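Asks:
Residue numbers (the working numbering): 23 to 535.
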């Protein structure tokens, strides 16, 4: 007897509906599976066979053939187990196919028949909703995550026997009580705050500008100057995720199995800080079956690259295309995979191997060693960093002042208020453009939205000539100046906003020439 049920799989970060076709016929007892399957998918044969036996189903020996279609797409993962088992039971006449209409099945089977959780449920349930399914049966551990998708019923199940009882009509199909998770509904709780940073007023201002326009920023300074401290506090001044952003981030983390315990949705902006020994594929994404890398895990948040020159040349150069396009595209023989990488890249580095250049009282590096160290950062990659800021060592007077009860440092909440106001101005300005931040402006959009005052226009012409800027550097200065103007509430970029933006390129001239 032939049967057909629906299940889902992950392609990139999106779900895809696939069919599980099962045929049980007379002949020598056999269980074969076809459909371009990975090794873990092929192993479903043994998991399903033992799970059926241990769930109490004594099936007559027959020739069982299972096809997971379409056959031209590689099937990966263990989420097909439940659909295969249900298809076999329909073919044996134990379950009616009428009860399986408009329902998709997800879940890995244990040898004892229990239903084990799988990754990527929120993406697959969303795909089922888009395809018009009435509901999806998922492992009970995944029900809370799946219920975050509105407009489709999610039925939790603990075991294969539980699913059979539900489909046989002996148990009512009770959907999980959906919890409508709204980004920002929980109080923001951070263990760190900008008020803890001693001195470094210029750096805190640069961090505010970077957050206001989601600009990439590189900080250069000696050890102990507060580079890592500043980077780790950047998420505290970023506004909450919107519902759409929260869903996008959750899909990535669900696929990678990184959702926080007990949380069906990501409600705070990601902060990723990979070690400098990371490989290029782990940073940008890849593998035999492409999976999101660190830059995609930081999507809508912050990717912090500490000890920037210590990353391998391959790892650094692989960032160039994602920083420009805000998407990572990975091509394989059987197709291309696309992952979002719309994040703020924050890099920190010492100016030389020992960290104290150009202070020759402390630095013992030769000029050649300094040049060689700085040249690890290529010019094309440096051009993609909108803001370069110098972080001098913290003065003793600043430390003493921070201990004074009469001096109160500005906290993250105050800075976040100004950042949110700048975000609202950008949101209103670009509502018909398909972008959200000044850092996303294209060349044609800059002509319409980055208007300079006459004084600023003259200054820009002189700066371009004297600093020998590239066209990319010129455009990035305009984007940063537009953000500074938004923080000030200016409709037209003034010469003061432009001067500050140009100043954020001065460090590049100081160290790289």
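We put the CB at the ideal spot given by N, CA and C, even for glycine. These figures come from a predicted structure and were not determined experimentally.
1. The beta strand (DSSP E) with residue 513 in it runs from where to where?
2. Is there contact here, the stretch 444–458 with the stretch 244–252, by at least three beta-carbon pairs under 8 Å?
3. Considering residue 30, what are the terminal residues of the beta strand (DSSP E) in which it resides?
4. Spatial neighbours of residue 180 within its chain, please: C-beta separation below 7 Å, excluding the five flanking residues on both sides.
5. Taking contact to mean 3 or more Cβ pairs, one atom from each stretch, closer than 8 Å, check whether the stretch 395–411 and the stretch 493–507 are in contact.
6. Following a CB-centred definition, is residue 348 positioned closer than 7 Å to any heavy atom of the ligand NAP?
7. Return the bridge partner residues of residue 387 from the DSSP annotation.
8. Going straight from the alpha carbon of residue 523 to that of residue 489, what length do you get?
9. State buried or exposed for residue 465, treating a residue as buried only when at least 16 other CB atoms are found within 10 Å of its CB.
10. Should residue 209 be labelled buried (16 or more other beta-carbon atoms within 10 Å of its own) or exposed?
11. My assumption, with CB atoms under 8 Å, is that residue 222 sits in contact with residue 248. Please give the rounded CB distance.
12. Note down the Cα distance separating residue 433 from residue 369, rounded to an integer number of angstroms.
13. Who are residue 175's beta bridge partners in DSSP?
14. Taking only three categories from DSSP, how would you classify residue 206?
15. Below 8 Å CB to CB, which residues in the same chain sit around residue 521 once its five sequence neighbours on both sides are set aside?
16. For residue 351, which residues from the same chain have a beta carbon less than 7 Å from its beta carbon, with the 5 sequence-adjacent residues on both sides left out?
17. Could you work out which residue in 90, 295, 378, 293 is closest to residue 39 when comparing CA atoms only?
18. Is DSSP giving residue 242 helix, strand or coil here?
19. Excluding the five sequence neighbours on either side, which residues of its own chain have a C-beta within less than 7 Å of the C-beta of residue 287, listed in chain order?
20. Output the distance between the C-alpha atoms of residue 569 and residue 198, rounded to the nearest integer angstrom.
21. Tell me the rounded alpha-carbon separation between residue 205 and residue 145.
22. From this set, 220, 366, 314, which residue's C-alpha is nearest residue 417's C-alpha?
23. The alpha helix (DSSP H) that contains residue 13, what's its start and end?
24. Going residue by residue through the stretch 406–463, where are the continuous beta strand (DSSP E) segments of at least 3 residues, counting only ones entirely within it?
25. Just mark residue 258 as buried or exposed, buried being the case when its beta carbon has 16 or more other beta carbons within 10 Å.
26. Just to confirm, is the Cβ distance from residue 149 to residue 103 under 8 Å?
27. For residue 461 versus residue 236, is the C-beta distance shorter than 8 Å?
28. 8 Å is my cut-off, CB to CB: does residue 318 come that close to chain C?
29. Helix, strand or coil: how does DSSP classify residue 269 here?
30. Is the Cβ-Cβ distance between residue 338 and residue 396 less than 8 Å?
31. Would you kindly work out how many angstroms separate the C-alpha atoms of residue 24 and residue 46, rounded to a whole number?
32. Taking the C-alpha atoms as reference points, what is the distance between residue 544 and residue 400?
33. Around the C-beta of residue 207, are 16 or more other C-beta atoms found within 10 angstroms, so that it is buried, or is it exposed?
34. Could you give the C-beta distance for residue 101 and residue 140, rounded to a whole number, given that I count them as a contact under 8 Å?
35. Residue range of the alpha helix (DSSP H) that residue 485 falls in?
36. Within 10 angstroms of the Cβ of residue 3, are there 16 or more other Cβ atoms? Answer buried if so, exposed if not.
Replies: Let me lay it out:
1. Where residue 513 is concerned, there is no enclosing beta strand (DSSP E), given that its DSSP letter is neither H nor E.
2. No: the two stretches stay apart, fewer than three of their Cβ pairs being nearer than 8 Å.
3. Start and end: 24–33.
4. If we look at residue 180 and ignore the five residues flanking it on each side, its Cβ neighbours are 136, 137, 162.
5. As far as the Cβ criterion goes, the stretch 395–411 touches the stretch 493–507, which means the pair count is three or higher.
6. For the ligand NAP, the structure offers nothing, since it holds no ligand at all.
7. Residue pairing of residue 387 in beta bridges, as defined by DSSP: absent, with no partner found.
8. If I take the Cα positions, the gap works out to 13 Å.
9. Residue 465 comes out exposed.
10. Bear in mind that a pLDDT of 49 at residue 209, under 50, signals an unreliable position, so the model cannot answer this.
11. About 6 Å separates the beta carbon of residue 222 from that of residue 248, a gap short enough to meet the 8 Å contact definition.
12. C-alpha separation (whole angstroms): 23 Å.
13. Residue 175 is bridged to 157.
14. Bear in mind that the predicted position of residue 206 carries a pLDDT of just 45, short of 50, making it too unreliable to give a figure here.
15. Spatial neighbours of residue 521 in its own chain (CB-CB distance under 8 Å, excluding positions within 5 residues in sequence) are listed in chain order as 481.
16. Correct list, in chain order: 358, 360.
17. Residue 39 has its Cα closest to that of 90, out of 90, 295, 378, 293.
18. If DSSP states are grouped into helix, strand and coil, residue 242 belongs with the strands.
19. 170, 203, 268, 272, listed in sequence order.
20. The chain is shown only over 23 to 535; residue 569 falls outside these bounds and no answer can be derived.
21. Per-residue confidence for residue 205 stands at a pLDDT of 45, beneath the threshold of 50, marking its modelled position as unreliable; the derived number appears in the next sentence. Going by the C-alpha atoms only, they are around 18 Å apart.
22. Of the listed residues, the one whose Cα sits closest to residue 417 is 220.
23. With the chain represented from 23 up to 535, any question about residue 13 goes unanswered, as that position is not in the structure.
24. With a minimum length of 3 residues, the continuous beta strand (DSSP E) runs that stay inside the stretch 406–463 are 409–412.
25. Buried.
26. Not closer than 8 Å, so no.
27. Going by C-beta atoms, residue 461 is nearer than 8 Å to residue 236.
28. Although the question refers to chain C, the structure presented lacks it and comprises just one protein chain.
29. Residue 269 falls in the helix class under three-state DSSP.
30. Between residue 338 and residue 396, the C-beta spacing is not below 8 Å.
31. Near 7 Å, if we compare the C-alpha coordinates of residue 46 and residue 24.
32. Residue 544 lies beyond the residue range present for the chain, which begins at 23 and ends at 535; the question has no answer from this structure.
33. In this prediction, residue 207 scores a pLDDT of 49, lower than 50, which makes its location untrustworthy; the coordinate-derived value is nonetheless stated afterwards. Burial call: exposed.
34. Going by Cβ atoms, the distance from residue 101 to residue 140 rounds to 4 Å, so yes, they are a contact pair.
35. Taken as a continuous stretch (DSSP letters only), the alpha helix (DSSP H) holding residue 485 covers 476–488.
36. No information on residue 3 is available, as it lies outside the stretch 23 to 535 that the chain covers here.
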